[in-house]
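K.L.:
Counted from 1, the first sequence has number 312 at position 299 by this note's numbering; the numbering is strictly sequential.
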Amino acid sequence: MEKAITRFAPSPTGYIHLGNVRSAIYPYLLAKQTGGTFILRIEDTDQARFVEGATDLIKETLLWLGLNWDEGPDVGGPHAPYFQTERKELYLSWAKRLIAEGRAYADPTPPEKIDEYRKADEAEKVPYLYRNHRPLDTPEWQEGMPIRFKTIPKNYEWHDEVMGDLKSSPEVLDDIILIKKDGLPTYNFAHIVDDAEMGVTHVIRGQEYLSSMPNYLALYEALNLPRPKFVSLPHILAPQGNKKLSKRDGAKSVTEYRDDGILPEAMLNYLACLGWNDGSEQEIYDLKELLEKFSLDRIQNSGARFDETKLLWMNGVWIRKIKDEEGIDVLYAKISPDFWPDSAKNYPEEYRKKVLNIIYDRLKLLSELKTFTSYFFEEPEIDKELILKNKMLKKLSEDDLQKLLSLTSTRLSSLENWTAENIQAALNDLLAETNKKPGELFSLIRLAVSFAPFSPSLDLTLEVLGKERTLARLNLAARSIN
RNA sequence: GGUUCCGUCGUCUAGUGGUCCAGGACGUCUGGUUCUCAUCCAGAAAAUCGCGGGUUCGACUCCCGCCGGAAUCACCA
Numbered sequence: 014m015e016k017a018i019t020r021f022a023p024s025p026t027g028y029i030h031l032g033n034v035r036s037a038i039y040p041y042l043l044a045k046q047t048g049g050t051f052i053l054r055i056e057d058t059d060q061a062r063f064v065e066g067a068t069d070l071i072k073e074t075l076l077w078l079g080l081n082w083d084e085g086p087d088v089g090g091p092h093a094p095y096f097q098t099e100r101k102e103l104y105l106s107w108a109k110r111l112i113a114e115g116r117a118y119a120d121p122t123p124p125e126k127i128d129e130y131r132k133a134d135e136a137e138k139v140p141y142l143y144r145n146h147r148p149l150d151t152p153e154w155q156e157g158m159p160i161r162f163k164t165i166p167k168n169y170e171w172h173d174e175v176m177g178d179l180k181s182s183p184e185v186l187d188d189i190i191l192i193k194k195d196g197l198p199t200y201n202f203a204h205i206v207d208d209a210e211m212g213v214t215h216v217i218r219g220q221e222y223l224s225s226m227p228n229y230l231a232l233y234e235a236l237n238l239p240r241p242k243f244v245s246l247p248h249i250l251a252p253q254g255n256k257k258l259s260k261r262d263g264a265k266s267v268t269e270y271r272d273d274g275i276l277p278e279a280m281l282n283y284l285a286c287l288g289w290n291d292g293s294e295q296e297i298y299d300l301k302e303l304l305e306k307f308s309l310d311r312i313q314n315s316g317a318r319f320d321e322t323k324l325l326w327m328n329g330v331w332i333r334k335i336k337d338e339e340g341i342d343v344l345y346a347k348i349s350p351d352f353w354p355d356s357a358k359n360y361p362e363e364y365r366k367k368v369l370n371i372i373y374d375r376l377k378l379l380s381e382l383k384t385f386t387s388y389f390f391e392e393p394e395i396d397k398e399l400i401l402k403n404k405m406l407k408k409l410s411e412d413d414l415q416k417l418l419s420l421t422s423t424r425l426s427s428l429e430n431w432t433a434e435n436i437q438a439a440l441n442d443l444l445a446e447t448n449k450k451p452g453e454l455f456s457l458i459r460l461a462v463s464f465a466p467f468s469p470s471l472d473l474t475l476e477v478l479g480k481e482r483t484l485a486r487l488n489l490a491a492r493s494i495n
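This is the structure in structure tokens:
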């Protein structure tokens, strides 16, 4: 396959939300699977919307997902710099060339005049097109003056790798601004120059640029540049309604999901498969498989709704997959200390791993670790109502409950080897001795040692908790009942 | 309003003229696994393939019209 040179070109105006990252994932996959280059370019030409620190956030997000760029900030590359503000002169020289060739002009029209044109057109219900108001005399360009493209209205046809063959009519072509009054280029102009300079082969971006395509096509023509391949990605839709997912609708940043305990593997998997599939029934892909199987022509051409429930499911699958395939140490290493209960820091790593080992298969979110494991690290608050009101235990008298707990404590205390296997055997003996149902005895013990709504199976829970602690809690619970 | 794109279970999707009275996954519901929660397993409900016309022996698949939805129309990207 031909080497693809792709780019992710965000503007540093805030965090990256879910709707945006996919247009980083697909270019990355395409570049990497063809042995090509993935470029990160920062489109910071809008000074007004620039947000301090946004570039770092963008880099952080990509790195978290494992989408390392081959060229761009920090790593450099043959086409540096990768911030558009630092490439200002380049755009200007291309624009000047266009002026020299009669395909662009310096526009002296004051903004108020432009407003008048627009309002007049609106009043007459004709489409507002600046080319209908193109100034007859255009001055020599000087700083502080915008440069406009001098368009030639006509039909365009082009191919989009996702949308297929597309065409447009002349009404969409206009004298778009190339260089703004502040001397910086517009996106419309800058991305074309940069993509050409950087040798980008595939322009992968959101569908919202589709309607500007004819203007870009006109620019490629005027600049005498070859067209790259175009890949328009359908929108990711908000969970409710039919709108594209945006910050205004509360779209969370990617890093927020990380902080909630979504694994990057799950996020990547979910997003890659939202609007793409390889035709098989596979749901779970790691990066390596994605690289093998991804192809542009299987990207969906209609919008896909973001479904957090499925993301959560997938995260659970990934948590289990990592543990089962790579072991508990690998999973443990992926979990930031912040996800553990505060009290966990007083315990050795080995103990936390043991806890994780018996609880991991219940996690959907790493942040659930805090509530799911607290009783392994601190003494649970005794709540005898939890025992008395339990539906399995309701019919037992307080006296019975207390005796059962005491007996359990006694029997377990004589256990030599505190292993899950031995504990289970002792528990089974106890079942026979007391003639109770597992539902009764086990529920009681579980509650007495954890006071939690649920826990891993009893033998494992007690094993990890340790003999001393188990007995202490059993005795304490027994005393508290009367 | 102009322009452009899109339209299969609630959601993500398979499906490129017969093998589809439409398959998988999430979610939901039911049952099973010595106790809870989860996992896992088995099963169920869930799509008149947006609507109406064609073409064809035969259409979810091709064509036309309509309807619905979305995007975009900035010296923002």
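Backbone N, C-alpha and C fix where the C-beta goes; we use that ideal spot for every residue, glycine too.
Keep in mind the model is a prediction, meaning the values are calculated, not measured.
(1) Just to confirm the assignment, what range does the alpha helix (DSSP H) spanning Lys480 have?
(2) Contact between the region 361 to 368 and the region 293 to 302: three or more CB pairs below 8 Å?
(3) Write down the C-beta distance between Ile436 and Asp472 rounded to the nearest angstrom, noting that I regard them as a contact closer than 8 Å.
(4) Any chance you could list the beta strand (DSSP E) runs of at least 3 consecutive residues sitting entirely within the region 147 to 187, in chain order?
(5) By the DSSP assignment, the alpha helix (DSSP H) with Ile332 in it spans what residues?
(6) Output yes or no for whether 8 Å exceeds the beta carbon distance between Val343 and Leu31.
(7) Tell me where the beta strand (DSSP E) around Val88 begins and ends.
(8) Go ahead and label Met14 buried or exposed: buried means 16 or more other beta carbons lie within 10 angstroms of its beta carbon, across all protein chains shown.
(9) Does the region 42 to 49 come close enough to the region 266 to 280 to have 3 or more Cβ pairs within less than 8 Å?
(10) Quick one: what does DSSP say Val64 is sitting in, helix, strand or coil?
(11) So Leu309 and Val216 are in contact, right, with Cβ under 8 Å, and what is the actual spacing, rounded?
(12) Would you give the residue range spanned by the alpha helix (DSSP H) that Tyr200 belongs to?
(13) In three-state terms, what does DSSP make of Arg20?
(14) Which residue wins for smallest C-alpha separation from Tyr298, given the options Asn328, Met226, Glu269 and Asp128?
(15) What is the DSSP secondary structure of Thr58, counted as helix, strand or coil?
(16) Using only the alpha-carbon positions, how far apart do Ser419 and Lys72 sit?
(17) Where does Tyr118 sit, in a helix, a strand or coil, going by DSSP?
(18) Quick check on the DSSP output: the alpha helix (DSSP H) that includes Val368 runs from which residue to which?
(19) Alpha carbon to alpha carbon, how far is Ile395 from Leu425?
(20) Using 8 Å as the threshold, is the C-beta distance between Lys455 and Tyr388 below it?
(21) Pull up the DSSP beta-bridge partners for Ile217, would you.
(22) Kindly list the residues whose CB is nearer than 8 Å to the CB of Cys286, restricted to its own chain and excluding five residues on each side of it in sequence; keep chain order.
(23) For Lys367, count neighbouring C-beta atoms within 10 Å of its own C-beta (all shown protein chains included) and say buried if the count is 16 or more, exposed if not.
(24) To which residues of the same chain is Gly49 closer than 6 Å at the C-beta, ignoring the five residues directly before and after it?
(25) Does the region 331 to 347 come close enough to the region 313 to 320 to have 3 or more Cβ pairs within less than 8 Å?
(26) Taking all protein chains shown into account, decide if Pro227 is buried (16 or more other Cβ within 10 angstroms of its Cβ) or exposed.
(27) Kindly provide the ranges of any alpha helix (DSSP H) runs that are 4 or more residues long and lie completely inside the region 255 to 329, ordered along the chain.
(28) Taking the C-alpha atoms as reference points, what is the distance between Phe202 and Tyr222?
(29) Does Asn145 pass the burial test, meaning 16 or more other C-beta atoms within 10 Å, or should it be called exposed?
(30) Going by other Cβ atoms of all chains shown within 10 Å of its Cβ, with 16 needed for buried, is Leu149 buried or exposed?
(31) Report the three-state DSSP secondary structure of Ile71 (helix, strand or coil).
(32) So, using beta-carbon positions, are Leu236 and Ser36 closer together than 8 Å?
(33) Report the residue ranges of all alpha helix (DSSP H) runs contained in full by the region 412 to 488; include only those spanning at least 4 residues, in chain order.
(34) Taking 8 Å as the threshold (C-beta atoms), are Arg318 and Asp374 in contact?
(35) Which term fits Asn282, buried or exposed, when burial requires 16 or more other beta carbons within 10 angstroms of its beta carbon?
(36) State the DSSP-derived secondary structure class of Leu103, mapped to helix, strand or coil.
P.N.:
Inspection of the coordinates gives the following:
(1) Lys480 to Ile494
(2) no
(3) 5 Å
(4) 160 to 162, 169 to 173 and 177 to 181
(5) Glu321 to Glu339
(6) no
(7) Neither: Val88 is in no beta strand (DSSP E) and is coded neither H nor E.
(8) exposed
(9) no
(10) coil
(11) No, Leu309 and Val216 are not in contact; Cβ-Cβ is about 12 Å, not under 8 Å.
(12) Tyr200 to Glu210
(13) strand
(14) Asn328
(15) coil
(16) 58 Å
(17) strand
(18) Glu362 to Ile372
(19) 21 Å
(20) First, the residue type needs correcting, since residue 455 is Phe and not Lys in the sequence shown. No, these two residues do not count as a Cβ contact at 8 Å.
(21) Val244
(22) Glu296 and Tyr298
(23) buried
(24) Lys16, Ala17 and Ile18
(25) no
(26) buried
(27) 267 to 273, 277 to 286 and 300 to 306
(28) 13 Å
(29) exposed
(30) exposed
(31) helix
(32) no
(33) 433 to 447, 451 to 463 and 471 to 478
(34) no
(35) buried
(36) helix
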